[in-house]
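Residue numbers (mature numbering (1 follows the signal peptide of the UniProt record, and there is no 0)): -26 to -1, 1 to 491.
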């Protein structure tokens, strides 16, 4: 049968009309843009957000601040791997900051990088993707592809070789080495990242939504401030909270070995480091302002989610530990999380429990993809952001894992300590050991604010804290808490340590569906 010319014309008109309608719908309901700003070692428990005045105003006050956000591991590389993959460390297998610990190793590149949320975004071809800053601590190692390696998922790649620096570093610019010196106007890394980000926003395609991840060196050591901020906060000291410079008498042996009170030189050193950390953050505050203002000028801010967070917390003198991360306590595992964006009401604060394994699922959900198509352990908190979720049914616990590191030989400066320790300070206080290996269930619900931790050591040491009664974790209640609670928490921990995907999101001991009597 031959169609009449009138039928063909009518068919073409229908097709043209449908196409125009689709274009019109795409313009009126475009997929949102997403910006993720990731800081390095920024705490929230000991005042890390105080210098970030503009960040709090432009993101937190314009959206929502989550007060119970935790990392899957309190160390840079395992935590960043969890952000990228949406998986707990036992599933992405990055256990520390070394190549041997799977940090940016060839095994990571083959098995996990293809499964990251940026790879998912790029594979579907709608989003243009941009990365600038610190990626993983061993990225650029010649044993694992060098700076020529550009991970799947990134259309525009400006990644720092190895760990955080502020001057005298190398960037991989789409796989080519770009070396920087120590000229402030050309090389100060936080400002360089801000400028690269602005360039991207000005030159990207306006026909496609974008995902942009900016990963700052600050406030990680060596704490090099921009010249204009070198004298800021002259009188600031590390906070003297109740857990500052006291003996952790009922804690794991690594905490008990800290010298109390700390030497005057140690206190002076950590106070100075605390000031320097704050000074580096002033440039991060400038970066946030530049990015948000550029989005605003371009008319894109109202359709852009902006997420601000950190890879882990930090401590300066708590339980007489001079300074580091790596420990199970709030100051190391709790991080800031501020989000603004479409349909997020301003000036909100949420106590709901968020983990950094949730960032990937949430970003994919924002982009319009089904998180269940992935192997991610986390869950999307987009319904919480937009007020469509049922907060009473939200999850009540998350997993925190850490695998300790220790040297095979004794530190010559501290021979009495013997082998098996690392990160030791001049006064022989060590921040890590091979048996500082632990896993915790961190619970936040209407019924409980609890932390249950077990160490993988000879005594299977247990630490339990009631954060409602004891927010500074001064008293380990493992020996006094109800035995039934201990057993249930132990079973929950074992389950989470072997969970994968959906099984990581099952109801916890204190969920509304399964509350203890």
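For glycine and all other residues, C-beta sits at the position ideal for the given N, C-alpha and C.
For residue 131, the pairing in a beta bridge is given by DSSP as 105.
Remark: three or more beta-carbon pairs, one from each stretch, lie closer than 8 Å, so the stretch 9 to 22 and the stretch 182 to 194 are flagged as touching. Taking the Cα of residue 444 as reference, the smallest distance to any Cα among 186, 303, 357 is reached at 303. Nearest in C-alpha terms to residue 90, of all of 370, 371, 138, 332, is 332. Taking all protein chains in view, the Cβ of residue 359 is crowded by 16 or more other Cβ atoms within 10 Å, so the residue is classified as buried. Nearest to residue 255 by alpha-carbon distance, out of 9, 28, 483, is 28. Remark: C-beta atoms of residue 297 and residue 228 do not approach each other more closely than 8 Å. In this model, residue 425 and residue 157 are separated by some 46 Å (Cα to Cα). DSSP places residue 248 inside the alpha helix (DSSP H), whose first and last residues are 238 to 271.
Take residue 448, set aside five residues on each side of it, and the residues of its chain with a beta-carbon closer than 7 Å to its own are 216, 217, in chain order. Residue 6 sits away from residue 393, with the two beta carbons spaced by 8 Å or more. Distance from residue 396 to residue 381 at the Cβ level is roughly 5 Å; contact confirmed, criterion being Cβ atoms closer than 8 Å. The closest CA to that of residue 373, considering only 11, 65, 24, 22, is found on 65.
According to DSSP, residue 406 shares a beta bridge with 396. A direct Cα-to-Cα measurement between residue 338 and residue 356 gives close to 10 Å. For residue 377, there is no enclosing alpha helix (DSSP H), as DSSP gives it neither H nor E.
Selection 56, 211, 467 evaluated against residue 416 yields 467 as nearest (Cα-Cα). Residue 133 sits away from residue 73, with the two beta carbons spaced by 8 Å or more. Of all C-beta pairs linking the stretch 92 to 103 to the stretch 75 to 84, fewer than three are shorter than 8 Å, placing the two stretches out of contact. DSSP places residue 121 within a helical segment (H, G or I) once states are collapsed to three.
By the Cβ-count criterion, residue 240 is buried, with 16 or more other Cβ atoms from all chains shown falling within 10 Å of its own Cβ. Residue burial is scored here from C-beta neighbours: residue 188 has at least 16 other C-beta atoms within 10 angstroms and is therefore classed as buried. Here DSSP, grouped into helix, strand and coil, assigns residue 203 to helix. Taken in chain order, the whole beta strand (DSSP E) runs of length 3 or more contained in the stretch 19 to 78 are 38 to 44.
The alpha-carbon of residue 295 is positioned some 15 Å away from that of residue 307. For residue 170, the enclosing alpha helix (DSSP H) covers residues 163 to 177. When DSSP states are grouped into helix, strand and coil, residue 371 belongs to the strand group.
Between residue 60 and the set 361, 353, 379, the nearest pair of CA atoms involves 353. The stretch 23 to 43 makes contact with the stretch 324 to 331; the number of CB pairs closer than 8 Å reaches 3 or more.
Taking a contact to require three or more Cβ pairs closer than 8 Å, the stretch 342 to 352 and the stretch 467 to 487 qualify as touching. Cβ contact annotation for residue 152 (same chain, cutoff 6 Å, sequence separation greater than five): 145, in chain order.
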